[in-house]
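Numbering (this note's numbering), first residue to last: 350 to 605.
The beta carbon of each residue, even a glycine, is placed where N, CA and C say it ideally should be.
It should be emphasised that the depicted structure is a prediction, and the values quoted were computed from it without experimental measurement.
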Amino acid sequence: MGVLAFADQIALVTGSSRGIGAAVALRLAELGATVAVHCRAERAAAQAVADRLPGEGHVAVQADVADPNAVAGMVSRVVHALGGIDVLVNNAGIYVEHALSEVSYSEWQRAWRDTIATNLIGAANASYCVARHMIDAGRAGRIVNVSSRGAFRGEPSHPAYGASKAAMNSMAQSLAQHLAPHGITVTTVAPGFVETDMAASLLDGAAGDVIRSQSPLGRVATPEEIADVVAFLASERAVIATGTIVDANGASYLRT
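The structure is reproduced here in structure tokens:
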């Protein structure tokens, strides 16, 4: 079947200044893509990732994905700078602890508002802007969403996160059906815990061994392993998988 290749393709990876997003940016660049590395605030970190990528032409872009106008501006800047977008990876997200019994009502509202705005609506708006560009340009494309096993198993201390990812899964499947006639596929990867800065406090703390023992592999995923799944889903070889949600959690949670 040959190796995956993204020569002459342009990818926008949101939330790619670190963690899973940075690993995805690197993997796509290694396979030949020109990558727009996105950050919300840490422009220097995003530029550092872009500078480390193999190949030429990579750029760093800054935008708050919770701001609809910022999302539209980001997509427009990438299209103008790189000539288009062939792959969108919706990876940007936040993980705010807000256990119902432990937060005030105002904290509860803020956690839900910020999480849904970033994790769900931000991804929806990025998908809209990129898909409309693809349709208007008459080009096929790939949208890959980074969800979570929390969409299925629950997130008792982070309920807005679990809800946002469950809604992302549904959104992706709806868009997969709508966009297929335009040659645009929409897929999703749902990791469990991954060795990232976001999860470091839990993995390095007292709960770390318990978390790792949830998988029969006895460990959590690396960002590079998730990036490999994303790269496959973004490739021409995964067209028939449009609408698919791929679990990448080391069998720590099995859906029936």
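V436 is bridged by DSSP to A360, R491. Cβ-Cβ distances below 6 Å link G381 to A354, F355, A356 in the same chain, with the five nearest sequence neighbours on each side left out; the list follows chain order. As the crow flies, the alpha-carbon of L361 is around 28 Å from that of S550. Residue ranges of uninterrupted beta strand (DSSP E) with 3 or more members, entirely inside the region 528–603 and ordered along the chain, are 533–540, 594–597. Apart from the 5 residues on each side of it in sequence, S584 sits with its Cβ closer than 7 Å to the Cβ of L353 in its chain, given in chain order. For V578, the CB contacts under 7 Å within the same chain, skipping 5 residues up- and downstream, are V538, V595, A597 in chain order. A421 and R561 have their C-alpha atoms spaced approximately 39 Å apart. Leaving aside the five residues that flank R389 on each side, the residues in its chain whose CB is nearer than 6 Å to its CB run, in chain order, D413.
With 16 or more other Cβ atoms inside 10 Å of its own Cβ, D435 counts as buried.
Contact between the region 442–457 and the region 391–406 is absent, with fewer than three C-beta pairs closer than 8 Å. By alpha-carbon distance to D416, the top candidate from R376, V493, N468, H527 is N468. Within 10 angstroms of the beta-carbon of Q358 lie 16 or more other beta-carbons, which makes it buried. Residue range 471–486 is occupied by the alpha helix (DSSP H) that includes A475. Assigned with DSSP and collapsed to three states, T464 falls in helix. Residue burial annotation: Q563 is buried, with at least 16 other C-beta atoms found within 10 angstroms of its C-beta. It is roughly 7 Å from the alpha-carbon of P540 to the alpha-carbon of I575. Just so you know, the alpha carbons of V384 and D485 end up roughly 21 Å apart. Residues of the same chain with a CB within less than 6 Å of the CB of N474, apart from the 5 flanking positions on each side, are P417, V420 in chain order. Three or more Cβ pairs closer than 8 Å define a contact, and the region 514–521 meets that threshold against the region 492–503. Taking a C-beta distance under 7 Å as the contact criterion, D553 and G368 do not qualify as a contact pair.
When only Cα atoms are considered, V535 and A393 end up about 30 Å apart.
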